[in-house]
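Engineer: Numbering (the UniProt record's numbering), first residue to last: 1 to 244.
Following this message is one structure expressed as C-alpha cells.
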Ligand SMILES: [Mg+2]
C-alpha cells in the first residue's frame, strides 16, 4: 500500500459542522461582547457584526472565514480590533478561548460523527493504516469532541492548535503526524473541507482529498485538491492508490 497515513481535519470532515458551530459562535460572541462591555469596549458593535467578522452570514459559514479555517487566536484578534476593550490581547484571547471550550460543552448534543465516517475509519484502522487529526480547534475542545463522537480510540496522532505549534496551513501538524508514525509526507493523504486544508496538505508535500460535508463547494476545492468526494465515508483507498 503506497499511502500509509490518512490525516483528517476535524470539523466538517469527520464531525458535523454547521449546527454545532453556529450555536457555539452565537454563544461565544455574546460572552465576548458582555466581557468587552464590562471593560469599556465599543458598545455599538453588534453580535451580527462580530459573527460576520469570523465568516458567518446568517446561517451560512464561509469557507475562507476565520471560523472555518483559523485557530481561535485569530478570531480573538479580529474581535479585539473591533471592540477595543481596555484589557490586554492576552486576557481577551484567554476569555475567548474559554468561552469556545465552554460553549462546545454546552451544545454537546450537536457533536456527532458524520454518517458512515466511524465505520470507514475502523476499516482503515483494520488495514493497518495510520490515522491522524489536524485541527485548528483547541486541545480541550478537540479531545472533548472526539470523545463525545466516540472516535478517540481510532487515532495514532491528534494535532490541535493551542498556541504551541504552528497552525494550518503551515506544515507543522502534518510533519508531527509523520514523525509520530514513522512515515513520510508523500505517504500521507490529507482530508479536509476547506481550501486552507488543501493548502496545508500541499505545503507539507502530501496528497489532498477535499470533502463536501463542511463549508466549501466543489468549485472551491477542485482547483486545489487531487480529488473531491462527497464524504470521507465514500473514500476508496485502493482506487486512489491505483490512480496515483
Ligand atoms: Mg473543517
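Every residue gets a Cβ at the ideal spot worked out from N, C-alpha and C, and that includes glycine.
Quick caveat: nothing in here was measured; it's all calculated off a predicted structure.
Considering residue 157, what are the terminal residues of the beta strand (DSSP E) in which it resides?
Structural biologist: Per DSSP, residue 157 belongs to the beta strand (DSSP E) from 157 to 159.
Engineer: For the stretch 125 to 132 and the stretch 175 to 183, state whether three or more C-beta atom pairs, one from each stretch, are separated by less than 8 Å.
Structural biologist: Contact between the stretch 125 to 132 and the stretch 175 to 183 is present, because at least three Cβ pairs lie under 8 Å.
Engineer: For residue 8, which of helix, strand or coil comes out of DSSP?
Structural biologist: Three-state DSSP puts residue 8 in a strand.
Engineer: What is the DSSP secondary structure of residue 51, reduced to helix, strand or coil?
Structural biologist: Helix at residue 51.
Engineer: Out of curiosity, what's the CA-to-CA distance linking residue 330 and residue 2?
Structural biologist: Past the edges of the chain, shown from 1 to 244, lies residue 330, and the structure says nothing about it.
Engineer: Would you be able to state if there are at least three C-beta pairs under 8 Å between the stretch 78 to 87 and the stretch 114 to 126?
Structural biologist: No, the stretch 114 to 126 does not touch the stretch 78 to 87.
Engineer: I need the straight-line Cα distance from residue 74 to residue 240, nearest angstrom please.
Structural biologist: Taking the straight line joining both Cα atoms gives about 35 Å.
Engineer: Is DSSP giving residue 235 helix, strand or coil here?
Structural biologist: If DSSP states are grouped into helix, strand and coil, residue 235 belongs with coil.
Engineer: Who pairs with residue 15 in a beta bridge, going by DSSP?
Structural biologist: BP columns for residue 15 point to 11, 113.
Engineer: Contact between the stretch 160 to 173 and the stretch 200 to 218: three or more CB pairs below 8 Å?
Structural biologist: With a cut-off of 8 Å, the stretch 200 to 218 and the stretch 160 to 173 count as touching, because enough Cβ pairs lie within range.
Engineer: Hey, out of 10, 114, 176, whose CA is closest to residue 70's CA?
Structural biologist: Of 10, 114, 176, the residue nearest in Cα terms is 10.
Engineer: Helix, strand or coil: how does DSSP classify residue 84 here?
Structural biologist: Residue 84 falls in the coil class under three-state DSSP.
Engineer: Determine, using beta-carbon pairs with one atom in the stretch 207 to 216 and one in the stretch 24 to 39, whether at least three such pairs fall under 8 Å.
Structural biologist: Contact fails: fewer than three Cβ-Cβ distances are below 8 Å.
Engineer: Can you list the residues near ligand 1, meaning Cβ strictly closer than 7 Å to any non-hydrogen atom, in the order they appear in the chain?
Structural biologist: This criterion selects 9, 10, 11, 12, 13, 17, 68, 192, 193, 194, 197, 214, 215.
Engineer: Using 10 angstroms around the beta-carbon of residue 48, count the other beta-carbons present and answer buried if the total reaches 16, otherwise exposed.
Structural biologist: Result: exposed.
Engineer: Is the Cβ-Cβ distance between residue 72 and residue 138 less than 8 Å?
Structural biologist: Yes. Within cutoff.
Engineer: Please state whether the Cβ-Cβ distance between residue 15 and residue 56 is less than 8 Å.
Structural biologist: Not a contact, by the Cβ cut-off of 8 Å.
Engineer: Can you tell me whether residue 119 is helix, strand or coil according to DSSP?
Structural biologist: Note: residue 119 maps to helix in three-state DSSP.
Engineer: How many angstroms separate the CA atom of residue 62 from the CA atom of residue 219?
Structural biologist: Each residue's Cα considered, the two are about 14 Å apart.
Engineer: Assign residue 131 to one of three DSSP states: helix, strand, or coil.
Structural biologist: Strand.
Engineer: Mind reading off the beta-carbon distance from residue 144 to residue 105? Whole number of angstroms is fine, and I expect it under 8 Å.
Structural biologist: Confirmed, Cβ separation roughly 6 Å.
Engineer: Assign residue 85 to one of two classes, buried (16 or more other C-beta atoms within 10 Å of its C-beta) or exposed (fewer than that).
Structural biologist: Result: buried.
Engineer: Measure from the alpha carbon of residue 214 to the alpha carbon of each residue in 193, 174, 221, then state which is nearest.
Structural biologist: It is 193.
Engineer: Could you tell me whether the Cβ atoms of residue 6 and residue 189 are closer together than 8 Å?
Structural biologist: Yes, they are a contact pair.
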